[in-house]
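J.: Numbering (our numbering), first residue to last: 9 to 146.
#1: Of all the options 84, 49, 29, 93, which has the alpha carbon lying nearest to the alpha carbon of residue 14?
#2: What separation, rounded to the nearest whole angstrom, lies between the Cα atoms of residue 79 and residue 115?
#3: When DSSP builds the beta bridges, which residues end up paired with residue 63?
#4: If you count every other CB in all the chains shown that lies within 10 Å of the CB of residue 129, and 16 or more means buried, which is it?
#5: According to DSSP, is residue 140 part of a helix, a strand, or is it coil?
#6: Considering residue 119, what are the terminal residues of the beta strand (DSSP E) in which it resides?
#7: Name the residue from 125, 105, 20 whose alpha carbon lies nearest to the alpha carbon of residue 69.
#8: What first and last residue would you give for the beta strand (DSSP E) that runs through residue 32?
#9: Assuming residue 72 is part of the beta strand (DSSP E), what are its boundary residues?
#10: Considering only residues of the same chain and omitting the five flanking positions on each side of residue 87, which have a CB-CB separation below 7 Å?
#11: Report the CB separation of residue 74 from residue 83 in whole angstroms; it is logged as a contact under 8 Å.
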(Lines of atoms letter the chains of each structure in order from A and count residues from 1; the text may use other names and numbers.)
(Lines give C-alpha, C1' and ligand atoms only; values in the text may rest on other atoms or scores of the structure.)
Protein backbone atom coordinates (compact mmCIF):
# COMPACT_ATOMS: atom_id res chain seq x y z
CA UNK A 1 0.00 0.00 0.00
CA UNK A 2 1.18 3.52 -0.71
CA UNK A 3 -0.05 7.09 -0.71
CA UNK A 4 1.28 10.21 -2.37
CA UNK A 5 1.18 13.99 -2.13
CA UNK A 6 -0.60 14.06 -5.50
CA UNK A 7 -3.70 12.74 -3.67
CA UNK A 8 -3.40 9.11 -4.81
CA UNK A 9 -3.76 5.93 -2.75
CA UNK A 10 -2.50 2.64 -4.18
CA UNK A 11 -2.87 -1.01 -3.19
CA UNK A 12 -0.52 -3.51 -4.77
CA UNK A 13 -0.26 -7.27 -4.43
CA UNK A 14 2.90 -9.06 -3.19
CA UNK A 15 4.32 -9.10 -6.73
CA UNK A 16 3.88 -5.34 -7.09
CA UNK A 17 0.87 -5.54 -9.41
CA UNK A 18 -1.57 -2.66 -8.94
CA UNK A 19 -4.86 -3.92 -7.47
CA UNK A 20 -6.53 -0.51 -7.32
CA UNK A 21 -5.88 3.22 -7.15
CA UNK A 22 -8.08 5.93 -5.67
CA UNK A 23 -7.74 9.69 -6.13
CA UNK A 24 -8.68 11.64 -3.01
CA UNK A 25 -9.43 15.35 -2.66
CA UNK A 26 -6.48 15.84 -0.28
CA UNK A 27 -2.78 15.04 0.04
CA UNK A 28 -2.08 11.62 1.50
CA UNK A 29 0.36 11.77 4.42
CA UNK A 30 0.46 8.23 5.77
CA UNK A 31 -0.99 4.75 5.16
CA UNK A 32 -1.04 1.37 6.88
CA UNK A 33 -2.38 -2.00 5.75
CA UNK A 34 -3.69 -4.61 8.19
CA UNK A 35 -1.64 -7.82 8.37
CA UNK A 36 -4.56 -9.77 6.90
CA UNK A 37 -4.59 -7.35 3.94
CA UNK A 38 -8.29 -6.57 4.37
CA UNK A 39 -8.17 -2.97 5.65
CA UNK A 40 -6.17 0.00 4.38
CA UNK A 41 -6.01 3.07 6.63
CA UNK A 42 -5.17 6.46 5.12
CA UNK A 43 -4.27 9.71 6.89
CA UNK A 44 -4.90 12.68 4.59
CA UNK A 45 -5.77 16.34 4.35
CA UNK A 46 -4.32 19.63 5.49
CA UNK A 47 -7.11 22.02 6.42
CA UNK A 48 -9.60 19.18 6.94
CA UNK A 49 -7.36 16.45 8.31
CA UNK A 50 -8.98 13.04 8.36
CA UNK A 51 -8.45 9.31 8.53
CA UNK A 52 -10.35 6.96 6.25
CA UNK A 53 -10.42 3.25 5.62
CA UNK A 54 -10.83 1.13 2.51
CA UNK A 55 -11.42 -2.59 2.13
CA UNK A 56 -9.19 -4.82 0.01
CA UNK A 57 -11.37 -4.16 -3.03
CA UNK A 58 -10.93 -0.38 -2.76
CA UNK A 59 -14.37 0.44 -1.39
CA UNK A 60 -14.42 3.26 1.18
CA UNK A 61 -15.57 2.08 4.60
CA UNK A 62 -15.52 5.13 6.87
CA UNK A 63 -13.97 8.59 7.29
CA UNK A 64 -13.37 10.60 10.47
CA UNK A 65 -12.03 14.14 10.88
CA UNK A 66 -9.25 14.73 13.42
CA UNK A 67 -7.58 17.80 14.88
CA UNK A 68 -4.22 19.10 13.75
CA UNK A 69 -3.17 17.11 10.68
CA UNK A 70 -2.52 13.37 10.60
CA UNK A 71 1.14 12.47 11.16
CA UNK A 72 0.90 8.67 11.50
CA UNK A 73 -1.58 5.79 11.48
CA UNK A 74 -1.58 2.12 12.46
CA UNK A 75 -4.15 -0.62 12.03
CA UNK A 76 -4.32 -3.85 14.01
CA UNK A 77 -3.60 -7.18 12.32
CA UNK A 78 -7.29 -7.97 11.84
CA UNK A 79 -8.35 -4.39 11.12
CA UNK A 80 -10.49 -4.03 14.26
CA UNK A 81 -8.47 -1.12 15.75
CA UNK A 82 -7.23 2.07 14.04
CA UNK A 83 -4.70 4.29 15.85
CA UNK A 84 -4.05 7.85 14.68
CA UNK A 85 -1.45 10.44 15.74
CA UNK A 86 -1.60 14.10 14.71
CA UNK A 87 0.84 16.99 14.35
CA UNK A 88 -1.12 18.80 17.08
CA UNK A 89 -0.44 15.97 19.54
CA UNK A 90 -3.81 14.23 19.43
CA UNK A 91 -3.99 10.46 19.82
CA UNK A 92 -7.19 8.87 18.50
CA UNK A 93 -8.30 5.25 18.61
CA UNK A 94 -11.24 4.07 16.52
CA UNK A 95 -12.86 0.65 16.41
CA UNK A 96 -13.37 -1.22 13.15
CA UNK A 97 -16.63 0.63 12.50
CA UNK A 98 -15.03 4.05 12.89
CA UNK A 99 -16.42 4.73 16.36
CA UNK A 100 -14.11 6.70 18.66
CA UNK A 101 -13.02 4.61 21.64
CA UNK A 102 -10.16 6.79 22.96
CA UNK A 103 -8.79 10.33 22.65
CA UNK A 104 -5.82 11.93 24.40
CA UNK A 105 -3.89 15.14 23.83
CA UNK A 106 -0.11 14.93 24.26
CA UNK A 107 2.17 17.92 24.70
CA UNK A 108 3.86 17.61 21.28
CA UNK A 109 3.40 16.17 17.79
CA UNK A 110 2.92 12.40 17.60
CA UNK A 111 5.82 10.91 15.64
CA UNK A 112 4.87 7.22 15.53
CA UNK A 113 2.11 4.85 16.58
CA UNK A 114 1.86 1.06 16.86
CA UNK A 115 -0.61 -1.62 17.93
CA UNK A 116 0.42 -4.96 19.44
CA UNK A 117 -0.25 -8.13 17.42
CA UNK A 118 -3.01 -9.15 19.82
CA UNK A 119 -4.63 -5.67 19.55
CA UNK A 120 -4.56 -5.24 23.33
CA UNK A 121 -1.99 -2.45 23.54
CA UNK A 122 -1.57 0.77 21.57
CA UNK A 123 1.45 3.06 21.88
CA UNK A 124 2.22 6.53 20.57
CA UNK A 125 5.53 8.39 20.75
CA UNK A 126 5.48 12.17 20.85
CA UNK A 127 8.13 14.55 19.54
CA UNK A 128 9.39 15.22 23.08
CA UNK A 129 10.16 11.50 23.55
CA UNK A 130 7.21 10.60 25.75
CA UNK A 131 5.65 7.19 25.20
CA UNK A 132 1.88 7.07 25.61
CA UNK A 133 0.44 3.60 26.17
CA UNK A 134 -3.18 2.49 26.12
CA UNK A 135 -4.51 -0.91 27.18
CA UNK A 136 -7.40 -1.84 24.92
CA UNK A 137 -10.40 -3.88 25.97
CA UNK A 138 -12.55 -4.01 22.85
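Here a beta-carbon is modelled for each residue, glycine too, at the ideal position from N, C-alpha and C.
T.: The structure says:
#1: 29
#2: 15 Å
#3: 47
#4: exposed
#5: strand
#6: 118 to 123
#7: 105
#8: Residue 32 -> no beta strand (DSSP E), and no H or E assigned at all.
#9: 68 to 73
#10: 42, 44, 46, 47, 104
#11: No, residue 74 and residue 83 are not in contact; Cβ-Cβ is about 15 Å, not under 8 Å.
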